[in-house]
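K.L.:
Before I ask anything, here is the structure I am working with.
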DNA sequence: TAGATTGTTAATCGATTAACAATC
DNA sequence: TAGATTGTTAATCGATTAACAATC
């Protein structure tokens, strides 16, 4: 079996290309070159071609890529040719924002259950969904066939939440709590830390100032 | 002048180490080794030492690092020895969540102005702040000496927003809109795309399934 | 001194880029 | 055919890791 290891950065860029192609398609553009994609998302043309080359040959030499086709291919590669039901824990402000975030729905993600252990939140509605107590999670996972969970609780509660998610069969976790979580082998996790990139900015601003000295 | 280029990944990890050290400090732990930091945040011990080595010698051979000191050093390196006023554009659900996000305040970030061009939102209060029309931005930037702006508007509005931010003197942008933005030379930008990491998860889940075939 | 752990160098690994043959 | 652009290889670049002397 040919085990090609795809760099995570390639998958990240594929996601970005994919959304850029959707925009071109909405604008009625039918053909695009690696150079135009590169220009549109801020990478090099060679990078675009190399990233695509991990998965096949999608273009026509001398011509470029068919926008609609390449859009479909990239989405399929990312697993976005299907809908993904999501389980969300944490009905605070961040949870609320995620529930109503358009960027999820437009890519086939749908939050199908919102959970919290705060009695003052349980029973309230977020968008169309009633906030449920944690004990209801198994049944919601079962009903929708959910495989992915989102953690939007404070750091100190996060480990307990993912343990519960894993116990109930979720296979992948998107974690918004700024803390490293321990998970069993085979469970995928990615962290979105809202302030890390802000700290990269302050680092760079400080560095820039320092160079004037 | 010794121009050492610090990898962005190093700065990212520094931010993570820094928060881990804060937690150790809160728990009353006074000394820590590179191995313990590595364990706590999920990287290699050599990586921890190498990352720190870009900036100086902070440890004691045979002993490790003083938690409080290293915490202060890492925060200082990241520019977090000062407070950072932030300008936020977009008073939707995401904007609301960012305004109330504890993870910002605990690192010295403070949103000092929230702006929107939606007349139904202007005048409303988010936390302590009144949502202001865009025209008020120059005066708020001036008043607080803000240098960083956060974009939490829909993709199609984002370019116009950053243009306006840059015109009014902001030097760094944290962009939550899933679109590549064009900025003049010298302006720092970082994107936080809420769904990219979700798509890495779906990619990996698909890949895992494929390997069973 | 013996044990532990840093700081740093050199080796390894992997990702990006440049270049060009293939081909529309 | 001439011009354009892909797919792919080889070269370059940069980041991570292993290893160990320094030293507490």
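Protein chains in written order, with the UniProt record's numbering: chain F, 1 to 213; chain Y, 1 to 213. Where a beta carbon is used, it is the ideal one built from N, C-alpha and C, also for glycine. Remember, it's a predicted structure, so these values are computed and weren't measured experimentally.
Just to confirm the assignment, what range does the beta strand (DSSP E) spanning residue 93 of chain F have?
P.N.:
Here residue 93 of chain F refers to the residue found at position 93 of the first chain. Unbroken run through residue 93 of chain F is the alpha helix (DSSP H), 93-99; no beta strand (DSSP E).
K.L.:
I want to see whether chain Y comes within less than 9 angstroms of residue 52 of chain F, judged by CB atoms only; does it?
P.N.:
Residue numbering aside, residue 52 of chain F sits at position 52 when the first chain is read from its first letter. With a threshold of 9 angstroms between beta carbons, residue 52 of chain F makes no contact with chain Y.
K.L.:
Using the three-state DSSP reduction, which class does residue 7 of chain Y fall into: helix, strand or coil?
P.N.:
Position 7 of the second chain, counted from the first residue, corresponds to residue 7 of chain Y. Coil.
K.L.:
For residue 120 of chain Y, which residues in chain F fall below 9 angstroms Cβ to Cβ?
P.N.:
As a first step, residue 120 of chain Y must be located in the second chain, where it is residue number 120. Residues of chain F passing the Cβ test: none, with the nearest at roughly 16 angstroms.
K.L.:
Using beta-carbon positions only, say whether residue 49 of chain Y and residue 42 of chain Y come within less than 9 angstroms of one another.
P.N.:
As a working mapping, residue 49 of chain Y is identified with position 49 in the second chain. As a working mapping, residue 42 of chain Y is identified with position 42 in the second chain. No; because the gap between Cβ atoms is not below 9 angstroms, this pair is not in contact.
K.L.:
So, does the segment 190-202 of chain Y touch the segment 9-16 of chain F, judging by three or more C-beta pairs under 8 angstroms?
P.N.:
Yes: the two stretches touch, three or more of their Cβ pairs being nearer than 8 angstroms.
K.L.:
Of all the residues that make up the segment 181-205 of chain F, which are near chain Y by a beta-carbon distance shorter than 7 angstroms?
P.N.:
Of all residues in the segment 181-205 of chain F, 188, 190, 192, 194, 195, 196, 197, 198, 199, 200, 201, 202, 203, 204 and 205 have a Cβ within less than 7 angstroms of some Cβ in chain Y.
K.L.:
Taking just the CA atoms, how far does residue 154 of chain Y sit from residue 185 of chain F?
P.N.:
To locate residue 185 of chain F, count along the first chain from 1; it is residue 185. To locate residue 154 of chain Y, count along the second chain from 1; it is residue 154. Near 37 angstroms, if we compare the C-alpha coordinates of residue 154 of chain Y and residue 185 of chain F.
K.L.:
Check for me: the alpha helix (DSSP H) holding residue 159 of chain Y runs from which residue to which?
P.N.:
Mapped onto the second chain, residue 159 of chain Y falls at position 159. Residue 159 of chain Y -> alpha helix (DSSP H) spans 155-167.
K.L.:
Against residue 171 of chain F, what residues of chain Y qualify as contacts under a CB-to-CB distance less than 7 angstroms, listed in chain order?
P.N.:
Here residue 171 of chain F corresponds to residue number 171 of the first chain, with the count starting at 1. Chain-order list of chain Y residues neighbouring residue 171 of chain F: 205, by C-beta distance under 7 angstroms.
K.L.:
Return the Cβ separation of residue 86 of chain Y and residue 111 of chain Y in integer angstroms, given the expectation that the two are a contact with Cβ distance under 8 angstroms.
P.N.:
Mapped onto the second chain, residue 86 of chain Y falls at position 86. Mapped onto the second chain, residue 111 of chain Y falls at position 111. Yes, they are in contact, since the Cβ atoms of residue 86 of chain Y and residue 111 of chain Y sit about 5 angstroms apart, within 8 angstroms.
K.L.:
Could you tell me whether the segment 22-30 of chain F touches the segment 194-208 of chain Y, using the rule of 3 or more Cβ pairs below 8 angstroms?
P.N.:
no
K.L.:
DSSP state of residue 82 of chain Y, grouped into three classes?
P.N.:
For this step, residue 82 of chain Y is matched to residue 82 along the second chain. Here residue 82 of chain Y sits in coil by DSSP.
K.L.:
Rounding to the nearest angstrom, what Cα-Cα distance links residue 66 of chain F and residue 179 of chain Y in this structure?
P.N.:
Start at 1 with the first residue of the first chain, and residue 66 of chain F comes out as number 66. Start at 1 with the first residue of the second chain, and residue 179 of chain Y comes out as number 179. Approximately 21 angstroms, taken between the alpha carbons.
K.L.:
Which first and last residues belong to the alpha helix (DSSP H) in which residue 40 of chain Y is found?
P.N.:
Within the second chain, numbered from 1, the residue matching residue 40 of chain Y stands at position 40. Per DSSP, residue 40 of chain Y belongs to the alpha helix (DSSP H) from 34-41.
K.L.:
What would DSSP say about residue 103 of chain Y, mapped onto helix, strand or coil?
P.N.:
As a first step, residue 103 of chain Y must be located in the second chain, where it is residue number 103. Three-state result, residue 103 of chain Y: helix.
K.L.:
Which residues in the same chain have their Cβ closer than 6 angstroms to the Cβ of residue 33 of chain F, if we skip the five residues on either side of it in sequence?
P.N.:
Along the first chain, one-based indexing puts residue 33 of chain F at 33. Taken in chain order, the residues that qualify are 64.
K.L.:
Going along the UniProt DNA-binding region "H-T-H motif" (16-55) of chain Y in order, which residues come within less than 9 angstroms of chain F, judged by CB to CB distance?
P.N.:
16, 18, 19, 20, 23, 40, 41 and 42
K.L.:
Which of the three DSSP states, helix, strand or coil, is assigned to residue 125 of chain Y?
P.N.:
Sequence index remark: in the second chain, residue 125 of chain Y carries index 125 (1-based). Here residue 125 of chain Y sits in strand by DSSP.
K.L.:
Please state if the CB of residue 88 of chain Y and the CB of residue 113 of chain Y are separated by a distance shorter than 9 angstroms.
P.N.:
Within the second chain, residue 113 of chain Y is the residue found at index 113, counting from 1. Within the second chain, residue 88 of chain Y is the residue found at index 88, counting from 1. Yes, these two residues count as a Cβ contact at 9 angstroms.
K.L.:
Quick check: the Cα distance between residue 187 of chain F and residue 199 of chain F, rounded to an integer number of angstroms?
P.N.:
Translated into positions along the first chain, residue 187 of chain F becomes position 187. Translated into positions along the first chain, residue 199 of chain F becomes position 199. Cα to Cα, the separation comes out at about 28 angstroms.
K.L.:
Within the segment 170-213 of chain F, note down every full alpha helix (DSSP H) run reaching 4 residues or more, in order along the chain.
P.N.:
196-211
K.L.:
Distance, Cα to Cα, residue 124 of chain F vs residue 149 of chain F?
P.N.:
Locating residue 124 of chain F in the first chain gives position 124, counting from the first residue. Locating residue 149 of chain F in the first chain gives position 149, counting from the first residue. Computed Cα separation, rounded: 20 angstroms.
K.L.:
Given that residue 96 of chain Y touches chain F, what residues does it touch there, using C-beta distances under 9 angstroms?
P.N.:
On the second chain, position 96 is the one that residue 96 of chain Y refers to. Those are 93, 96 and 97, listed as they occur along chain F.
K.L.:
Answer yes or no: do residue 95 of chain Y and residue 126 of chain Y have a C-beta to C-beta separation smaller than 9 angstroms?
P.N.:
Taking the first residue of the second chain as position 1, residue 95 of chain Y is located at position 95. Taking the first residue of the second chain as position 1, residue 126 of chain Y is located at position 126. In contact: residue 95 of chain Y and residue 126 of chain Y (Cβ atoms closer than 9 angstroms).
K.L.:
Assuming residue 117 of chain Y contacts residue 134 of chain Y under a Cβ cut-off of 8 angstroms, what Cβ separation, rounded to an integer in Å, is found between them?
P.N.:
Indexing the second chain from 1 puts residue 117 of chain Y at position 117. Indexing the second chain from 1 puts residue 134 of chain Y at position 134. Yes, they are in contact, since the Cβ atoms of residue 117 of chain Y and residue 134 of chain Y sit about 5 angstroms apart, within 8 angstroms.
K.L.:
Helix, strand or coil for residue 63 of chain Y? Go by DSSP, reduced to three states.
P.N.:
Against the second chain, residue 63 of chain Y aligns to sequence position 63. Correct three-state label for residue 63 of chain Y: coil.
K.L.:
Against chain F, with Cβ distances strictly below 9 angstroms, would residue 79 of chain Y count as a contact?
P.N.:
On the second chain, residue 79 of chain Y is found 79 positions in, with the first residue counted as 1. By this cut-off, residue 79 of chain Y is an interface position.
K.L.:
If you measure from the beta carbon of residue 125 of chain F to each beta carbon in chain Y, is any gap under 9 angstroms?
P.N.:
Along the first chain, read from residue 1 onward, the residue named residue 125 of chain F stands at position 125. Interface annotation, residue 125 of chain F: not in contact with chain Y, CB-CB separation never under 9 angstroms.
K.L.:
Give me the DSSP bridge partner(s) of residue 87 of chain Y.
P.N.:
Position 87 of the second chain, counted from the first residue, corresponds to residue 87 of chain Y. According to DSSP, which records beta bridges pairwise, residue 87 of chain Y is partnered with Y:113 and Y:149.
K.L.:
Could you list which residues in chain F have their beta carbon closer than 7 angstroms to that of residue 217 of chain Y, in chain order?
P.N.:
One cannot answer for residue 217 of chain Y here, as it falls past the ends of chain Y, which runs 1 to 213.
K.L.:
Look at the alpha carbon of residue 6 of chain Y and the alpha carbon of residue 129 of chain F, and state the distance between them as a whole number of angstroms.
P.N.:
What you label residue 6 of chain Y is simply residue 6 of the second chain in a count that begins at 1. What you label residue 129 of chain F is simply residue 129 of the first chain in a count that begins at 1. If you draw a straight line from the Cα of residue 6 of chain Y to the Cα of residue 129 of chain F, it comes to about 45 angstroms.
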